[in-house]
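Chains as they are written, first to last, in numbering that gives the first Met the number 0: chain A, 0 to 644; chain B, 0 to 644. Think of the CB as a built atom: it goes at the ideal place given N, C-alpha and C, for glycine as much as any other residue. Presented below is the structure to which this report refers.
Protein chains: 2
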Amino acid sequence: MRITSASIQDTFWQNYIDLVRQTVIPYQWEALNDRIEGAEPSHAIRNFRIAAGLEEGEFGGWIFQDSDLYKWLEAVSYSLRNHPDSDLETIADGAIDLIGQAQHENGYLNTYFTTKEPGKQWTNLYEAHELYCAGHLIEAAVAYYRATGKRKLLDIACRFTDLIASMFGTEPNQIRGYCGHQEIELALIKLYGITGEERYLNLSRYFIDERGSKPNYFMEEWERRGRTTIWAQGTPNLEVYQCHLPVREQTVAVGHSVRAVYMYTAMADLARLTGDVKLREACERLWANTTLKQMYITGGIGATHLGEAFTFDYDLPNDTVYAETCASIGLIFWARRMLQLEAKGDYADVMERALYNNVLGSMSTDGKHFFYVNPLEVWPEASMKNPDKHHVKPVRQKWFGCSCCPPNVARLLSSLNDYIYDVSDDGKTVHTHLYIGSDLRFETAGCMVTLKQRSELPWGGRVEFTASLSGKADRAAFALALRVPGWIQSGSPALKVNGEIQNYRVESGYAVIDRVWSDGDTLEWLLPLETMLVEAHPLIRANAGKTAIQRGPLVYCVEEADCGVPLAMLSLAEDPKLSEHPHPDLLGGCVVVEGEGIAIDISAWSEIQPYRPRQKQGVPARIKAIPYFLWGNRQPGEMSVWLRD
Amino acid sequence: MRITSASIQDTFWQNYIDLVRQTVIPYQWEALNDRIEGAEPSHAIRNFRIAAGLEEGEFGGWIFQDSDLYKWLEAVSYSLRNHPDSDLETIADGAIDLIGQAQHENGYLNTYFTTKEPGKQWTNLYEAHELYCAGHLIEAAVAYYRATGKRKLLDIACRFTDLIASMFGTEPNQIRGYCGHQEIELALIKLYGITGEERYLNLSRYFIDERGSKPNYFMEEWERRGRTTIWAQGTPNLEVYQCHLPVREQTVAVGHSVRAVYMYTAMADLARLTGDVKLREACERLWANTTLKQMYITGGIGATHLGEAFTFDYDLPNDTVYAETCASIGLIFWARRMLQLEAKGDYADVMERALYNNVLGSMSTDGKHFFYVNPLEVWPEASMKNPDKHHVKPVRQKWFGCSCCPPNVARLLSSLNDYIYDVSDDGKTVHTHLYIGSDLRFETAGCMVTLKQRSELPWGGRVEFTASLSGKADRAAFALALRVPGWIQSGSPALKVNGEIQNYRVESGYAVIDRVWSDGDTLEWLLPLETMLVEAHPLIRANAGKTAIQRGPLVYCVEEADCGVPLAMLSLAEDPKLSEHPHPDLLGGCVVVEGEGIAIDISAWSEIQPYRPRQKQGVPARIKAIPYFLWGNRQPGEMSVWLRD
């Protein structure tokens, strides 16, 4: 694909991107420096200072704590690209200098093993996250180079990667292992992309190809360590780490969900870059399994907190759910790569679903509080008093000892401009995956095109594109492929070109408008944005007899603040007569959906009867639903996505 | 209360009692002797042999393993009382001799501390179960003495108890503690009952009164142990052990559910024997909380497996449930004592509910397999593949490392004759709590009365009583108080005396028939046994929009074997037109309930849609429900008590 640049110009998203830039990034910098009062210290910067010999002390935080600084630097890079900020860049340069000081002569870089277990490097790939941290270093380095043109972090990353490349592989003197937490695989693809060095592509391919081969590396490593582990008990669990089978033989998403989707992301990249058909088929199989059988309506994945893992097909409990923020971010990474492999609307539908619901909902409207777990049903008293639900928090948390999610949100939202379009190598086809207001610049046949997208989403369905041409030609021939969203319930989007209705053909979920564009051409794309009642596949036991409300890409939910409790008493009327109401003052502005419901008549119950002959007494009730991504921003209370029929 | 004797003559129950006598007791003896192939060894007998110096080796099993032998002896005692068996008695005598050999000079008796941690006695009341094991020794001793008249085990128990009484109390040289697992409190009441020794009553009262006083004994003990524990981590959890407050101030059932109900049982005994009003009020408060807000429709209690504990009011999830067998047995113990405190139909209703559903369902029809956890909803694949449900087994297990439940079932079922009647001290009132065929013998004003009860329950509603008089008088005046079951949906039981319909008055849930009885008088008590649809209190979120089927005391469920899967696809028709069908060949004979339902039309779904616009397409389906207590006796499959409306 051709390198293009898009910049976001969108009221809805600009809010979030500004929040990341103005609040999340500075707040996280304070956190990395242990300066947030009342929060667990991160230790991240201090670990680097100790490793660099600038400070005495002991390593603190998780074994993979370095990755927090790298993820922050990656988010900073994206932010700088869109919004230059010399003060922030100076801080980042300082952090990069510190990283350089912590790097060994031979390129090795990991503060845990440098300060706490020197000599034990590469002895516990199963748990110790060394290659994982290297992967985040690489991602940060690539992003920082792209944003600033500065090579220092990229050189640090390349030196470390070259060491890794010399140590890992199938040669007799090499370690024939791979990381317990996939990440470096996808990072190496990025490093290959920016440097053009085939050895980075090959190293990624080695890690992917080697995974799951027999005899199993983690089993042998565990034996060599005298069967000791850091956290895990007993024999290594190969399914949790997706190395139970060679990746090309995997058919079902299993194990730790973040590890899984990070791996699938790299697999999709490799399938595209190498034309590996078996790998591509594995990606398609795993995609189908994940998104058709193991995905919540919010785009959440991972049904259990034990192991933060996938369970099995159609097991999607709403209340004991995990649906980790990072897992949905990883799903978005993967969807993005699948789109590069093949422009299919389905991939973008899932990407949009996870983005607008699970991921957006994970951050509070103040940008300082985050959900790890994104439940579809919350009973705050159960979260407190039933230990099976302790992991489900009714309010977003300030900062975490294991702080993977907030920096991941930051790096996704600040690079959102990379998720909207794909322009083909010849500049002749522009796929629009997401309807996010933005200016895309690309070149086609010597003509510089600026395509302005303006979108009312998620509140309205009107999208407008305007083409501005510059350069020697005053006309440009290219096809604009516009995604036909999967959430359209009835009808199809109307298309107007320069005010006139036009027909269009649909290919793989995209409306293709193939024409010769003139400067100032305007295209209107009118998406029918209806409120829709949704039912789940009957094999998803948890949603039997239940209905969700969706409007455009937004999944809705009911909250105690609007509907009282228990929410379970409420059901939808046979014809709920849903209506839409814009509330500019509610939760920063949103469209509320209201309708008719029935509530169990609790006044007809006495406390002396836990069970009684069925009477099915209902009283009319009003249902008021808000977008899921805004839940939990008022008083803590019950919340539910699924309503009884 | 007057000591009376009832012997069961009942086809339905005799099956179970025979199963206990012929299968469970011999099988458990083999298990105690580690002779069950393929099962985890119990170590119980071996531990006693090691403690007695008859064998070399190391203690095995749980720290409270001794109690397994005691509970077995208690079950054997009840069995011998009803069904003398000299071979079994010889085996029991041998076991008792062994117990005697393991007892210390000073009366101390516990094989764990004798063999594994000598010198550490009484240093970890919080976890080590020493007084708990003593309690089970006492219960076995009382039962064996009552059954056989042999004093040996009773003497062993009294010697140990006298040691405990000298060591525990409020005197300066005494340990001011109590057991982490309540049990001895209720056992001491029994010992007082058989010996008449006030010091045993006082010791029980001391344990109950001291519990929850400040400063907390377990906190101090934990500090003395250098903050070490065996299993529990961190600070002692006082709520789990019900010592967060003095018992008279407790209002809500909290913590480990078996510990809780064992304690409440002793509290009810003490309230009755001492006339302690505050204690009685505490019992009544805790009873109301437990049975109105924290009890499953099956009589199960304890909503979470983490801590095997109560959670909070109305939190009764059907699928992640615990509802341990032992907890329902403890609830039956407690109900029995509440009935002795005050004959109220509500207590017997709960007793009957727990007995016919949770407890009876815990044992397989072969008497060799048991449930610990008694779920109300099972999805076998989730039990295997979702770790949040690993504790929920879709099939009964053979024997357990921690084998509390099977011996508890055995001792309850073989003493079931003690749960049917209460005869007042003056012999003038006979309360019938349970409709279980049985012969009750009691004396009133010099007349020996044999009251024969014959009952069709649980399959039919007809109950018949016949009085036989012997002795000097040929007439006897006494009131027969017959419980009016809470499960009667409409109408009231018809009463016939010698074939003629009679009116009666109802007091506290009992129909009182006060008359002068002649030899041969017959009373018919005709309970309207209808199949009933039941709804749960709206605050029980898990059952919102759901209905259960109950017929008489039996809760029903649907199983995959009859209804296919997923069961969640099934809902009851608006009018399900339920009908009853006796199936003499199904699961040992039962009445099946059938009706009309609606199933989601899965044929209208394609796999490529996990979610779609709601269509609510249903197809007619047949519902076939079986008694809950018989679930899981066919191929492993889905099961559900609650059906969608």
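Check the Cβ-Cβ distances between residue i and every residue of chain A, and say whether any is below 8 Å.
| i | result |
| --- | --- |
| glutamate 606(B) | yes |
| alanine 347(B) | no |
| proline 405(B) | no |
| glutamine 614(B) | yes |
| phenylalanine 311(B) | yes |
| tyrosine 555(B) | no |
| proline 565(B) | yes |
Which value, in whole angstroms, describes the spacing of the CA atoms of residue i and residue j?
| i | j | result |
| --- | --- | --- |
| leucine 642(B) | alanine 541(A) | 13 Å |
| asparagine 105(A) | methionine 166(A) | 12 Å |
| glycine 652(A) | threonine 310(A) | Only positions 0 to 644 of chain A appear in the structure, and residue 652(A) is not among them; the question remains open. |
| asparagine 486(A) | methionine 568(A) | Position check: residue 486(A) holds tryptophan in this sequence, whereas asparagine was assumed. If I take the Cα positions, the gap works out to 28 Å. |
| arginine 1(A) | valine 422(A) | Since pLDDT at arginine 1(A) reaches only 48, below the 50 mark, its modelled position is unreliable, and the value read off the structure follows with that caveat. Arginine 1(A) and valine 422(A): Cα-Cα distance of roughly 6 Å. |
| lysine 623(A) | methionine 294(B) | 32 Å |
| arginine 175(B) | alanine 231(B) | 22 Å |
| isoleucine 24(A) | proline 235(B) | 41 Å |
| leucine 124(B) | asparagine 172(B) | 17 Å |
| alanine 342(B) | histidine 430(B) | 8 Å |
| proline 583(B) | valine 590(B) | 8 Å |
| valine 320(B) | alanine 252(B) | 16 Å |
Can you give me the Cβ contacts of residue i inside the same chain, cut-off strictly under 8 Å, excluding the 5 residues immediately before and after it?
| i | result |
| --- | --- |
| aspartate 445(A) | One point to set straight first is that residue 445(A) is glycine, not aspartate, in the sequence displayed. If we look at glycine 445(A) and ignore the five residues flanking it on each side, its Cβ neighbours are Gly470, Lys471, Ala472. |
| glycine 587(A) | Asn14, Thr364, Leu629 |
Are the CB atoms of residue i and residue j nearer to each other than 8 Å?
| i | j | result |
| --- | --- | --- |
| glutamine 339(B) | histidine 368(B) | no |
| tyrosine 143(B) | serine 76(B) | yes |
| aspartate 531(A) | glutamine 501(A) | In the sequence under discussion, the amino acid at residue 531(A) is methionine, which differs from the aspartate named in the question. Contact flag unset, no. |
| glycine 426(B) | serine 454(B) | no |
| tyrosine 627(A) | asparagine 356(A) | yes |
| proline 374(A) | valine 358(A) | no |
| asparagine 646(A) | aspartate 17(A) | No answer is possible for residue 646(A): the residues shown for chain A start at 0 and end at 644. |
| isoleucine 607(A) | leucine 315(B) | no |
Strictly under 8 Å for the Cβ-Cβ distance: is residue i near chain B by that measure?
| i | result |
| --- | --- |
| glutamine 452(A) | no |
| glutamine 386(A) | The question names glutamine, but residue 386(A) is proline in the sequence shown. Yes, contact with chain B. |
| aspartate 314(A) | yes |
| glycine 587(A) | no |
| serine 570(A) | yes |
| lysine 343(A) | no |
| tryptophan 641(A) | no |
| glycine 306(A) | yes |
| threonine 465(A) | no |
| proline 543(A) | Before going further, note that residue 543(A) is alanine rather than proline in the sequence given. Chain B, which has a Cβ nearer than 8 Å to the Cβ of alanine 543(A), makes this yes. |
Between which residues of its own chain and residue i is the CB-CB distance below 7 Å, once the five residues before and five after are set aside?
| i | result |
| --- | --- |
| glutamine 634(B) | Ala560 |
| glutamate 170(A) | none |
| lysine 119(A) | Phe112 |
| alanine 493(A) | Ile500, Leu525 |
| alanine 281(B) | Val246, Arg247, Gln249, Met266 |
| asparagine 215(B) | Leu237, Cys242 |
What residues in its chain sit with their C-beta under 6 Å from that of residue i, if we drop five residues either side in the sequence?
| i | result |
| --- | --- |
| glutamate 129(A) | Asn109 |
| glutamate 376(B) | Asn317, Asp318, Ser639 |
| leucine 202(A) | Ala164, Leu187 |
Mind reading off the beta-carbon distance from residue i to residue j? Whole number of angstroms is fine, and I expect it under 8 Å.
| i | j | result |
| --- | --- | --- |
| isoleucine 193(B) | arginine 145(B) | 7 Å |
| histidine 304(B) | valine 372(B) | 7 Å |
| alanine 476(B) | valine 448(B) | So it is not a contact: roughly 11 Å between Cβ atoms. |
| methionine 350(B) | histidine 432(B) | 7 Å |
| arginine 48(B) | leucine 97(B) | 7 Å |
| alanine 43(B) | leucine 53(B) | In fact, because the Cβ distance is near 14 Å, the residues do not count as touching under 8 Å. |
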